[in-house]
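Peer 1: When the letters of the sequence shown are read in order and numbered with this note's numbering, they come out as residues 5 to 495.
In this text, a Cβ means the ideal position worked out from N, Cα and C, and glycines have one as well.
First the structure, which I've put down as structure tokens, then a few questions once you've had a look.
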Amino acid sequence: MFDAVIVGAGFAGIGAAIQLKRSGIENFVILDREDDLGGTWYVNHYPGLAVDVPTTTYSYFFEPNPNWSRLFSTGREIKQYADDVADKYDVRRHIRFSTVVEGARWDEDAKLWQVTVNGGEVLSARYLITATGFLSQPKIPDIPGIDNFAGRVIHTTDWDDDYDPAGQRIAVIGTGATAVQLIPELAKTAADLTVYQRTPIWVVPKIDLRFGPRAKKLFARVPATQRVLRWLTDSIYEWMVTIGVVRYRTFRGRGNISAADLSKLHRFVTVRDKELRRRLTPDYDFGCKRPTFSNGYYRTFTRANVHLQDIGIDHVQSDGIVGTDGTKNVIDTLVLATGFDLWEANFPAIEIIGRDGRNLGKWWRENRFQAYQGVSIPYFPNLLSLASPYAFLGLNFFNTMEYQMRLMDRLFREVQARGATTFEVTEEANTRYLDRMTELLGNSLFTLGNCASARSYYYDPAGEPTLLRPTTTETAIREASEFPLSDYAIN
Ligand code: NAP
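Rendered as structure tokens:
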């Protein structure tokens, strides 16, 4: 029997493991379906992959890294950071790789979670922490004929590092954050690259910096210098989310209009063809779906070997794609930059059955998506579901991690102080939190802005924007550190 089972060995799972250790809990196992740690930063390694939040900010608050080579570090460096942190905190020895979790069921008599893994083995644990992320199940588009394509099909989460795009006729479906990074890289050598755009994306310039040996030495010798830089990048990103999304009503969308103007200027400077610029221009408000940062994306469409196709795909044939206008594009490779199946596959990522047989996925769908402080749900004792509705603080996942770790700290401290075996959020506290989140979302871009055509994954299947926790990071951290302990039944 374990004290805890953590599902997922990405940054959330590693953070949860570190927090358990800080609470004196060492008897835990982390289960991950992959054969290495790092979650999304292990799975994704397509060309051009880099973080789109400054890495000074995109890192654990307690573990600054003086070795970043640049402000927006590459995917490889971030994976290395995950390895380094896991090793430093001795997390790796707790991980069981290549282990698919099939489901978890609360055993009320034993007051334990029974976690079933592939092969039917059942692991018992006092606590269950699901750290399964939001972007973990690749979305394969349901386009007629796609299975008949005889050439190569690559989803961006399954990139083949040996694949050489040189001289290839390539189609990329999708224009999200992944495509914005990948397309300029493929365009460099592809014979012909057609980008199938269904919804244009807002792109603003990326102001990147290299950290040379002197800067790295300074960060290592005087950690306060990196802290100051982090404070600056934290503040900029926080303000972007606060002004543009959370307090949209207060700022009357001015931040969004300014950002959209910057993107417009960026298009104007890089794309001289007016019609092409128009086709690349979104018709929804900046921020409705995650905007992206790139200096090369728009310019790529001015290359002779790159074509934008935005009239839609009718079907795929064995050797190419037929558009809705009947024209056929013969290709060698079909790249699916089609993102992730967010809500259906991740809420929750495994079947979770709580007290009285309550099925979490079913209950969320029948009763609105909800979770107290983005982690706890009534009837699910001793469960911390880190990838829940109202959990994500916007652009930077590590802020989410920070408040969740602080909440774990407060909760486990109390459970241990009382010598208790279970905790469960009360229905009253959960309802109060849900009502507050609903009210706050009423002031946000997602409620007041023009988001109808964005096809944004911030909205759940019922059309409510419940992915985001509509508070500042400061508020989330304060609440996680000070929430009334009476919000949980601790026995
Ligand atoms: P995404 O933002 O969901 O984009 C998927 C794209 O595929 C969209 O353009 C979508 O069009 C298109 N698509 C999906 N199904 C389609 C279909 N049947 N026909 C035509 N087009 C279809 O996914 P993503 O680009 O992988 O990014 C997901 C998230 O990952 C980002 O928002 C970001 O949070 C994160 N990310 C972060 C980084 C980073 O930090 N460096 C990099 C990459 C990704 P519609 O918009 O019309 O649905």
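1. CB of V57 to nearest heavy atom of the ligand NAP: below 7 Å?
2. Do you know how far the Cα of V310 is from the Cα of A195?
3. Hey, how far is the Cα of G327 from the Cα of V320?
4. Going by other Cβ atoms of all chains shown within 10 Å of its Cβ, with 16 needed for buried, is R258 buried or exposed?
5. For the ligand NAP, is there a heavy atom less than 7 Å away from the beta-carbon of T179?
6. Taking the alpha-carbon of S389 as reference, which of Y131, V33, I29, T103 has the nearest alpha-carbon?
7. Run the proximity test for T160: is its beta-carbon closer than 7 Å to any non-hydrogen atom belonging to the ligand NAP?
8. Taking DSSP's pairing of strands, which residues face Q118 in a bridge?
9. Thinking C-alpha only, which one of N260, T274, A191 is nearest Y288?
10. Helix, strand or coil for E355 per DSSP?
11. Where are the beta strand (DSSP E) runs, 3 residues long or more, that stay fully inside the segment 132 to 181, in chain order?
12. Taking contact to mean at least 3 C-beta pairs separated by less than 8 Å, is the segment 247 to 255 in contact with the segment 85 to 98?
13. Count the other CB atoms, across all protein chains shown, that sit within 10 Å of the CB of W243; report buried if there are 16 or more and exposed otherwise.
14. Which same chain residues end up closer than 7 Å to V121 when comparing Cβ atoms and leaving out the 5 residues on each side of it in sequence?
15. Express the C-alpha separation of F416 and G423 in angstroms, rounding to a whole number.
16. Does the pairing of the segment 326 to 343 with the segment 181 to 198 give three or more beta-carbon distances under 8 Å?
17. Rounded to whole angstroms, what is the Cα-Cα separation between Y301 and I187?
18. Please list, in chain order, all residues of the same chain as P523 whose beta carbon is under 8 Å from its beta carbon, the five residues on each side excluded.
19. Going by beta-carbon coordinates alone, are F344 and F373 separated by less than 8 Å?
20. For A308, count neighbouring Cβ atoms within 10 angstroms of its own Cβ and tell me buried if that reaches 16, exposed if not.
21. Measuring CB atoms only, is the segment 261 to 280 touching the segment 446 to 455, in the sense that at least three cross pairs come out at less than 8 Å?
22. If you reduce the DSSP assignment to three classes, tell me which class F305 lands in.
23. Could you tell me the distance, in whole angstroms, from the CA atom of I29 to the CA atom of D7?
24. Return the Cβ separation of F402 and D212 in integer angstroms, given the expectation that the two are a contact with Cβ distance under 8 Å.
25. On the CB-based measure, 16 or more other CB atoms within 10 Å of its CB, does S490 come out buried or exposed?
26. Is A175 near the ligand NAP, in the sense that its beta carbon is under 7 Å from a heavy atom of that ligand?
27. The ligand NAP and Q2: does the residue's C-beta get closer than 7 Å to at least one heavy atom of that ligand?
28. Could you tell me the alpha carbon to alpha carbon distance between I354 and T426, rounded to whole angstroms?
29. By the three-class DSSP mapping on this structure, what secondary structure does D413 have?
30. Can you give me the C-alpha to C-alpha distance between D323 and D151, rounded to a whole angstrom?
31. Tell me whether F344, by its Cβ, gets closer than 7 Å to a heavy atom of the ligand NAP.
32. Going by DSSP in three states, R74 sits in which element: helix, strand or coil?
33. Please name the residue, chosen from Q172, Q313, M405, A13, that lies closest to Y46 on a Cα-to-Cα basis.
34. Can you check the segment 37 to 97 for any alpha helix (DSSP H) of at least 4 residues that lies completely inside it and give the ranges in chain order?
35. On the DSSP letters alone, give me the boundaries of the alpha helix (DSSP H) that A224 sits inside.
36. Can you list, in chain order, the residues of its chain with a C-beta nearer than 6 Å to that of G17? Leave out the 5 residues immediately preceding and following it.
Peer 2: Concretely, from the data shown:
1. Checking the Cβ of V57 against the ligand NAP gives yes.
2. Taking the Cα positions, A195 is about 9 Å away from V310.
3. One C-alpha to the other measures close to 9 Å.
4. So R258 ends up on the exposed side.
5. In this structure, the ligand NAP has a non-hydrogen atom nearer than 7 Å to the beta-carbon of T179.
6. Measuring from the Cα of S389, the nearest candidate turns out to be Y131.
7. Checking the Cβ of T160 against the ligand NAP gives yes.
8. According to DSSP, Q118 bridges with R109, S128.
9. When only C-alpha atoms are compared, the closest one is N260.
10. Looking at E355 - three-state DSSP - the assignment turns out to be strand.
11. Runs of the beta strand (DSSP E) lying entirely within the segment 132 to 181, each at least 3 residues long, are 156 to 159, 173 to 177 in chain order.
12. Touching, no.
13. W243 should be labelled exposed.
14. Only L35, T103, V104, V105, E106, L127 meet the Cβ criterion.
15. F416 has its alpha-carbon roughly 10 Å from the corresponding atom of G423.
16. A contact exists between the segment 326 to 343 and the segment 181 to 198.
17. Computed Cα separation, rounded: 7 Å.
18. Here the chain has residues from 5 to 495 only, and residue 523 is not among them.
19. No, these two residues do not count as a Cβ contact at 8 Å.
20. A308 should be labelled exposed.
21. The segment 261 to 280 vs the segment 446 to 455: no contact.
22. In the three-state reduction of the DSSP assignment, F305 falls in the coil class, being assigned neither a helical nor a strand state.
23. Cα to Cα, the separation comes out at about 7 Å.
24. Rounded to whole angstroms, the Cβ separation of F402 and D212 is 19 Å, and the two are not in contact under 8 Å.
25. Exposed, by the Cβ-count rule.
26. In this structure, A175 has its beta carbon at no less than 7 Å from each heavy atom of the ligand NAP.
27. For residue 2 there is no data in the structure shown, the boundaries of the chain being 5 and 495.
28. Their Cα atoms are separated by approximately 22 Å.
29. Of the three classes helix, strand and coil, the one that applies to D413 here is helix, per DSSP.
30. Answer to the nearest angstrom: the Cα atoms are 11 Å apart.
31. Yes, the beta carbon of F344 sits closer than 7 Å to at least one heavy atom of the ligand NAP.
32. Note: R74 maps to strand in three-state DSSP.
33. Distances from the alpha-carbon of Y46 to those of Q172, Q313, M405, A13 put A13 closest.
34. Whole alpha helix (DSSP H) segments, 4+ residues: 44 to 47, 79 to 92.
35. Here the alpha helix (DSSP H) through A224 covers 217 to 225.
36. Cβ within range, chain order: I10, I34, A135.
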